[in-house]
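Student: My questions will all concern the structure given below.
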Amino acid sequence: MNLGISAIEFLSQVKDETISVEEFVAKTIDRIKKVEDKVHAYITLDDKNALEQAKVIDKKIRTKEKVGSCLGMPISIKDNICTAGLKTTCASKMLENFIAPYDATVVSKLKAEDAIIIGKTNLDEFAMGSTTEFSYFGPTKNPWNTEYVPGGSSGGSGVSVSTHECIISLGSDTGGSVRSPASFCSVVGLKPTYGLVSRYGLVSYANSIEQIGPIARTVEDVAFILNILSGLDVHDNTTIGKGDTDYTKDLDAGVSGKKIGIITQMTTDGIDKEVASATNKAISKLQGLGAECIPISLDAVEHSVAAYYTIASAEASSNLARYDNLRYGFDFGIEGYEFKAYVSKVRGNFGPEVTRRILLGAFVLSAGYYGKYYLKAQKVRAMIKSQLEVAFKKVDVLITPTMPILPYKIGEKIDDPLTLYLSDINTITANLSGIPAISVPFEISSSGFPIGIQLLANTLQEKKLLQAAYALQQTTHLRAMPI
Amino acid sequence: MTKIGLEIHCQLTKLESKLFCKCKADYRNLPPNSNTCPTCVGLPGSLPLLNRKAVEKAAMISLALECKIPEKISFFRKNYFYPDLPKNFQITQYNAYGPTSIGSEGKVEIEDKEIRIRRIQLEEDPGRLIYEGSSEKTLITLVDYNRAGTPLVEIVTEPDFETPKQVRIFLNVLADLVENIGVADPYLEGALRVDGNISIVNGNRVEIKNVGSFRDIEKALHFEITRQQSLLDRNIPVQAETRHWDEARKITISARTKEEEQDYRYLPEADIPVVVIDKGIIDELQKQMPEGIIAKRDRYVKKYDIQSQVAQVLSSDKFYADLFEKAHNKTNAKEIANIITTDLMGFADTREKKMELKISTTHISDLADAIINNKITRNSGKLALLEMIKTGKSLSEVISNLDLGHVSDVNSLEQIIDEVFKEEEKAVVEARQNADTVNYLVGKVMRKTKGKADPAITIEIIRKKLSN
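Below, the structure is given as C-alpha cells:
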C-alpha cells in the first residue's frame, strides 16, 4: 500500500473503496512505529483511538451514512495546538502533563469533517526555533539525511508528512515555522493571512503574528484543507470571514499574464549558491508559463529580523508568564516556598531558547526601553506593510527562496542563535505584515537536500497565491524521500 | 495645602457575563472556582473575547463624568506575577502612547467644587486570595478565581480634593451616578473600592490602599492628615510610601515589604482588535443615559420652583430623588422637597438607615398635604415624620396618637393667649412699646401648645390683644 499518496488521491481511493480507512490508518501506524526511531516526528501517538475511529468511519461509508469530507484521513497536529483528552506539551517540561479540556477550533473543524487525529508532533519548545532542536523531548531529524535538522519549529509536522506518517499536518507559523520545515523536507507549507484561520486553542507564543497553517504533499491538498480550516470563529476576535471562497476551484488558472515580483533583498546577498540557482530556475519556469517577472525592492527588510525578534520576544515574555506551575504543569512540590521564590524556581525549567526570548522580551518592554526597541520595531513593521502595499499594486505575487540556506547538521548552530535568527529573513516578512505565503518544493540539491521556493500574495489573496504555487508545482518532478 | 487624589475601582455588576468570557459577572455566593472557564483561568490556547456590553457601560460612565471618548479604544497587558492573576498579566487600558482608554479629561461638580477626572479605563478584576488566619502569619493561601475577569472600571481623579469631606461627597455622587445609569450596584461588597493618595503642605505623596469599604476612605484620610501633620510639626519629613488601612484599628500602617517601583512592561493586547466607537454609538448611548444630576436639579428648580440649593441636595441622592419623584404632585412638590431635605435626610443619611425607613410615598405626600392645608404645623410635622419612620403607621394615626392636631380654633387659642398674657406681664408691656418683641409671646404660646398652634392665627390674636 502506498502511504505517500496525496490527500486528494486518498479521498478518491476511499470513495471508490480501493482502500479502507482502517487498513490505511493501521499501515500508517505501523509505518510510524518503524520510522520514529530514525526521525522522531511525534511526541504523542493516539493510535488506539485512531484505529477505533477508522472502523467507525469505514462503517459509515459501508452503510452509506453521511461522512465528513476528510473520510478518515490521518492528520497530525503540532503539539502546541490543543486537543481535548490528548496531551498538549508544547515540547516543554512546563506542560509535560498538560491535557487541554477543549479542542482548538481547527481540531474541532477537522473532527467535524471526519479527519482522524493520529498524533501530536514535535516542535521547538513553544514553537521558538527554526530547527526543532529545542524540544524538551529531543530533536526531530530530517528524513533526507537524519544527521540534519528538518527545519522548524513545526519540524515534527513537516517530517510526519514527508515520511508518510500521516497525510496532512497542522503546524503553526510565527516567523516561518510552517514554511521552513516544508522547504527542508520537500513538502508544501502555507502560512495563511493573519486572521483567516482561528488561533483558538493554539498556545500563544507571539499572538500578533502567528497563524496555524497546513503542511501537505501537494498544493491541491493545501487548498482542500484550507477550505475546512478558514473562516470566522466566534472563539477568536481576530478572525476574518472568507465569504464563499473555494480555494480548490480554478487552481489550474495558470500564471500567464501575471506579474511576479522578485524581492531583491532576499534573492541576492547571503544566499546559498544552489538555493540561488534553484530560485533563478523557478523564475525562468514561471516566465516560461507566461508570467512577467520584475525585481521588487523592499528596503525595510533590512531591519526585519531585528524587528521580528523584538516583537516576537516581547509577546513571548507576556504569553509565557502564565506558566508558573500553580494550576497545571509538572510535578514540583509547592510546600516551603513563598510565591515569588516558587515561581522563579519552577520557571528555571524552560529550555535555553525560550529563556533567551523571555529575557529579551522582558528587556525590550521594560520602562525606558519600550520606545527604543518595541516602538521602533512596530515602525519597521508598518514600513514593511506599506512597502508591500506599494509592491502589490505592481505585481500579483512575490517570489523568494523559502530558506536562504540548506539544512544544518543537528547541533551545528545550536549555540549560535544569531545565525539561526538570520536564516528567518525570507519568511518573517509575511508574519510581520500578516500576508499569506507558501513554500513549494522545487529542487533537490547536489548534497541531497530539498530546496523550497516561497511565494507571497497580498492579504486574503490565498486563491491567487495557490494558483501560482500550483503552476510552479506542475513544473517539478522531484525524487522520492529516501526513508 | 492638602491634596488628595483617588483611584476608584467600580465593578460593572449589572452585566451578565465577565469581560472576556461567558462566565457570570456576578461571582458572589458561588462555590470557590465554580464560576470559571479556560479563558478566565488563562489556560494555554484560550483567547479573550471582548464583552461589547462592558465597553458600552464603561462609555456611559465616561459620558456621565463628561470625559472625552476616543474614536478607537484598545487594550494593553499589564505584566506582573501574582497568584490571583491567572495569566500573570492583567488586560487593562493604558494611555501612555496616546489616549486609547474609554475616557479621559472629565469632570464632576460637587457642591461648588470641580473635581477633574484624569482617565477612565476598562479592565479585568483579578481572582481573590483567601488567607488562613491573617495575611501576615498565614502559611496557606487559597485562590478563588470566580472573580477573575469580572468587568471593572477604574476611575482616576486629579489631586483636586482638599478635604476628606469633599472625598465623601464625591464618592456619594459617584455611587449614585453609577447606580443611576444602571451599570453597577455600588453597595455590593467589593463593588466599589477606593485607593487614595494624599500629601499635605507640599509633603511627599502617601498612597492609601486596602480600604475595604468606600465609606472608610474618609476615616483613613483623616487619620493620614493627622499623622502627617504631627510629623511635620516635629520637623520629621513624611515618607513617600504606600500604607494599608487597618480596618480593625482604624489606622494606616506602612506596607511592610517596601513596594519597589513596579515595572509593568505594558504591551498592546493583540488578541482584542481595536474597538471603534463612532458618533452613532455615542448618540445611541446618550439616548440611553438617564437624566443627569444637573439636569434633574435644573428641572426641579424650573418646574416646581424649588430653591436651587434644595434641588441640588435632592437631585444628587438617587434614593431620595426617586422618593420625591414618586410622592409629589403639582401642588405639594415644593413641600415634599423641603420635608425630604430638611428632615428626612437628617434622620436617615446612610444606606442602612435608608433601608430601615418604614415609610412609603403616601406617608410623605399625606404629610406635605397636611402641612399645606394647615392641618398640622411644620414642627408637629417633624414629630409625625419621625414617628412614621419608626412605626410605619399612617399620618392620621400618628397625629391622633401623639395628639399633634393643629390648634387653629380661635376660642381655644384666645384662652391660651390670655393665660400667657397673665404670666408674662412684663413682656406684654414691652411688646406694646416694641412690636419686634412679639415673637417672645408667640414662642410662649407655642410652648404651651407643644408647637401645635397655628402661627399666623396666633400672631393675629396677639396683635389684636396688644392693640386693645
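Those sequence lines, one after another, are chains A and B.
If you count the first sequence from 1, position 270 lands on 802 in the numbering used here, and the numbers rise without skipping.
If you count the second sequence from 1, position 205 lands on 231 in the numbering used here, and the numbers rise without skipping.
We put the beta carbon where it would ideally sit given N, CA and C, even for glycine.
(1) Any beta-carbon of chain B closer than 7 Å to the one on Cys614 of chain A?
(2) Does the beta-carbon of Lys25 of chain B have 16 or more other beta-carbons within 10 angstroms, so that it is buried, or is it exposed?
(3) To the nearest angstrom, report how far apart Pro125 of chain B and Ser280 of chain B are at their CA atoms.
(4) Looking at the secondary structure, which residues open and close the alpha helix (DSSP H) in which Tyr953 of chain A lies?
(5) Starting from the Cα of Gly68 of chain B, find the closest Cα among A:Asp656, A:Leu858, A:Val681 and give me that residue.
(6) Going by DSSP, which residues form a beta bridge with Val232 of chain B?
(7) Once DSSP output is grouped into helix, strand and coil, what is the label at Ala274 of chain B?
(8) Determine the closest residue to Phe101 of chain B out of B:Leu41, B:Arg323, B:Asp242, B:Pro299, with distance taken between C-alpha atoms.
(9) If we ignore side chains and look at the alpha-carbon of each, how far apart do Asn629 of chain A and Val302 of chain B end up?
(10) With 7 Å set as the bound, which would you pick, yes or no: does the beta-carbon of Asn61 of chain B sit closer than that to a beta-carbon of chain A?
(11) What does Leu38 of chain B reach in chain C if we use C-beta pairs closer than 7 Å?
(12) Less than 7 Å separating the beta-carbons of Tyr1002 of chain A and Leu734 of chain A?
(13) Once the 5 residues before and after Met915 of chain A are set aside, which same chain residues still bring their CB inside 6 Å of it?
(14) Starting from Phe107 of chain B, find everything on chain A with Cβ-Cβ shorter than 8 Å and list it in chain order.
(15) Using a Cβ cut-off of 8 Å, which residues of the region 632–652 of chain A contact any Cβ in chain B, in chain order?
(16) Counting only beta-carbon atoms, is Tyr732 of chain A nearer than 7 Å to chain B?
(17) Within its chain, find whatever has a CB closer than 6 Å to the CB of Val754 of chain A; leave out the 5 residues flanking it on each side and keep chain order.
(18) Can you give me, in chain order, the residues of the region 741–774 of chain A that have a beta carbon less than 9 Å from any beta carbon in chain B?
(19) Between Ser850 of chain A and chain B, is there a C-beta pair that is closer than 7 Å?
(20) Along the region 275–307 of chain B, what residues have a CB closer than 8 Å to any CB found in chain A?
(21) Leaving aside the five residues before and after Asp778 of chain A along the sequence, list all residues of the same chain whose C-beta is less than 8 Å from its C-beta, in chain order.
(22) Starting from the Cα of Ser850 of chain A, find the closest Cα among B:Asn355, B:Lys94, B:Arg103 and give me that residue.
(23) Go ahead and label Pro1014 of chain A buried or exposed: buried means 16 or more other beta carbons lie within 10 angstroms of its beta carbon, across all protein chains shown.
(24) From the DSSP output, in three-state form, read off Tyr574 of chain A for me.
(25) List, in order along the chain, the chain A residues whose C-beta lies closer than 8 Å to that of Lys113 of chain B?
(26) Identify every run of the beta strand (DSSP E) within the region 948–1010 of chain A, keeping only runs that are complete inside it and at least 3 residues long; order them along the chain.
(27) Figure out for me which residue from A:Ser898, A:Gly865, A:Glu834 has the closest Cα to the Cα of Ala846 of chain A.
(28) For a contact defined as C-beta to C-beta under 7 Å, what are the partners of Val735 of chain A on chain B?
(29) What does Phe630 of chain A touch in chain B if you count any residue whose Cβ is under 9 Å from its own?
(30) Go through its chain and collect everything with a Cβ distance to Tyr213 of chain B's Cβ below 7 Å, but skip five positions before and after it.
(31) Could you please give the first and the last residue of the uninterrupted alpha helix (DSSP H) stretch that includes Ile307 of chain B?
(32) With a threshold of 7 Å on Cβ separation, who are the neighbours of Pro1020 of chain A within its own chain once the five nearest residues in sequence on each side are excluded?
(33) Can you say whether Ala810 of chain A is buried or exposed, counting buried as having 16 or more other CB atoms within 10 angstroms of its CB?
(34) How would you label Asp797 of chain A, buried or exposed, when you count the other beta carbons within 10 angstroms and need 16 or more for buried?
(35) Tell me which same chain residues have a C-beta within less than 6 Å of the C-beta of Cys63 of chain B, skipping the five on either side of it?
(36) Please determine, among A:Cys622, A:Ala1000, A:Val927, the residue with the shortest C-alpha to C-alpha distance to Gly861 of chain A.
Tutor: Here's the rundown:
(1) Counted from its first residue, the first sequence places residue 614 of chain A at position 82. Answer yes: the Cβ-Cβ gap between Cys614 of chain A and chain B drops below 7 Å somewhere.
(2) Residue 25 of chain B is absent from the structure shown; chain B starts at 27 and stops at 494.
(3) Here residue 125 of chain B refers to the residue found at position 99 when the second sequence is read from its first residue. Here residue 280 of chain B refers to the residue found at position 254 when the second sequence is read from its first residue. The straight-line gap from Cα to Cα measures roughly 34 Å.
(4) As a working note, residue 953 of chain A is residue 421 in the first sequence. Boundaries of the alpha helix (DSSP H) harbouring Tyr953 of chain A: 949–954, taken from the DSSP string.
(5) Here residue 68 of chain B corresponds to residue number 42 of the second sequence, with the count starting at 1. The option with the nearest alpha carbon to Gly68 of chain B is A:Leu858.
(6) Residue numbering aside, residue 232 of chain B sits at position 206 when the second sequence is read from its first letter. Answer is B:Ile224, B:Glu267, bridged to Val232 of chain B.
(7) Start at 1 with the first residue of the second sequence, and residue 274 of chain B comes out as number 248. Here DSSP, grouped into helix, strand and coil, assigns Ala274 of chain B to coil.
(8) For the purposes of this step, residue 101 of chain B is taken as residue 75 along the second sequence, with counting starting at 1. Ranking B:Leu41, B:Arg323, B:Asp242, B:Pro299 by Cα distance to Phe101 of chain B puts B:Pro299 first.
(9) Working through the first sequence from its first residue, we reach residue 629 of chain A at position 97. Working through the second sequence from its first residue, we reach residue 302 of chain B at position 276. A straight-line Cα-Cα distance of about 41 Å links Asn629 of chain A and Val302 of chain B.
(10) Taking the second sequence and counting its residues from 1, the one referred to as residue 61 of chain B is at position 35. Residue contact with chain A for Asn61 of chain B: absent (no Cβ-Cβ distance below 7 Å to any residue of chain A).
(11) Judged by its chain identifiers, the structure shown contains no chain C, and its protein chains are A and B.
(12) Locating residue 1002 of chain A in the first sequence gives position 470, where the first residue counts as 1. Locating residue 734 of chain A in the first sequence gives position 202, where the first residue counts as 1. For Tyr1002 of chain A and Leu734 of chain A, no; Cβs fall outside 7 Å.
(13) Working through the first sequence from its first residue, we reach residue 915 of chain A at position 383. Non-local C-beta neighbours of Met915 of chain A in its own chain, meaning closer than 6 Å and more than five positions away in sequence, comprise Ala832, ordered along the chain.
(14) Mapped onto the second sequence, residue 107 of chain B falls at position 81. Chain-ordered, the chain A residues with CB closer than 8 Å to the CB of Phe107 of chain B read Ala853, Asp856, Phe871, Lys872, Val875.
(15) Cβ contacts with chain B come from Ala632, Pro633, Tyr634, Ala636.
(16) Mapped onto the first sequence, residue 732 of chain A falls at position 200. Chain B has a Cβ within less than 7 Å of the Cβ of Tyr732 of chain A.
(17) Locating residue 754 of chain A in the first sequence gives position 222, where the first residue counts as 1. Apart from sequence neighbours up to five positions away, the residues of its chain that approach Val754 of chain A with a beta-carbon distance below 6 Å are Val720, Leu722, Pro746, Ala748, ordered along the chain.
(18) Cβ contacts with chain B: Ile741, Val766, His767, Asp768, Asn769, Thr770.
(19) For the purposes of this step, residue 850 of chain A is identified with residue 318 of the first sequence, where counting begins at 1. Answer yes: the Cβ-Cβ gap between Ser850 of chain A and chain B drops below 7 Å somewhere.
(20) Listed in sequence order: Asp289, Arg291, Tyr292, Leu293, Pro294, Ala296, Asp297, Ile298, Pro299.
(21) As a position in the first sequence, residue 778 of chain A is number 246, starting the count at 1. The residues are Asn759.
(22) For the purposes of this step, residue 850 of chain A is identified with residue 318 of the first sequence, where counting begins at 1. Residue nearest to Ser850 of chain A within the set B:Asn355, B:Lys94, B:Arg103 is B:Arg103 (criterion: CA-CA distance).
(23) What you label residue 1014 of chain A is simply residue 482 of the first sequence in a count that begins at 1. A residue is called buried once 16 or more other Cβ atoms fall within 10 Å of its Cβ, and Pro1014 of chain A, having fewer, is exposed.
(24) To locate residue 574 of chain A, count along the first sequence from 1; it is residue 42. Reduced to three states, the DSSP call for Tyr574 of chain A is strand.
(25) Counted from its first residue, the second sequence places residue 113 of chain B at position 87. What Lys113 of chain B touches in chain A: Ala853, Arg854.
(26) Counting whole runs of 3 or more residues, the region 948–1010 of chain A contains the beta strand (DSSP E) stretches 969–976, 982–989.
(27) Looking up residue 846 of chain A in the first sequence gives position 314. Checking every option, the nearest Cα to that of Ala846 of chain A belongs to A:Ser898.
(28) Counted from its first residue, the first sequence places residue 735 of chain A at position 203. Residues of chain B passing the Cβ test: Pro70, Gly71.
(29) The residue given as residue 630 of chain A occupies position 98 in the first sequence. Per Cβ cutoff of 9 Å: Leu69, Pro70.
(30) The residue labelled residue 213 of chain B in the question sits at position 187 within the second sequence. Around Tyr213 of chain B, the same chain offers Arg377 as residues with beta carbons nearer than 7 Å, after the five sequence neighbours per side are excluded.
(31) Working through the second sequence from its first residue, we reach residue 307 of chain B at position 281. Taken as a continuous stretch (DSSP letters only), the alpha helix (DSSP H) holding Ile307 of chain B covers 305–314.
(32) Outside the displayed range of chain A (533 to 1015) lies residue 1020 of chain A, so it cannot be described from this structure.
(33) To locate residue 810 of chain A, count along the first sequence from 1; it is residue 278. Buried is the call here.
(34) The sequence position of residue 797 of chain A within the first sequence is 265, counting from 1. Note that residue 797 of chain A corresponds to Gln in the displayed sequence, not to Asp. Its Cβ being crowded by 16 or more others within 10 Å, Gln797 of chain A is buried.
(35) Here residue 63 of chain B refers to the residue found at position 37 when the second sequence is read from its first residue. Within the same chain, and ignoring the five residues on either side of Cys63 of chain B in sequence, the residues whose Cβ sits closer than 6 Å to its Cβ are Cys47, Cys49.
(36) Counted from its first residue, the first sequence places residue 861 of chain A at position 329. For Gly861 of chain A, the nearest C-alpha among the options comes from A:Cys622.
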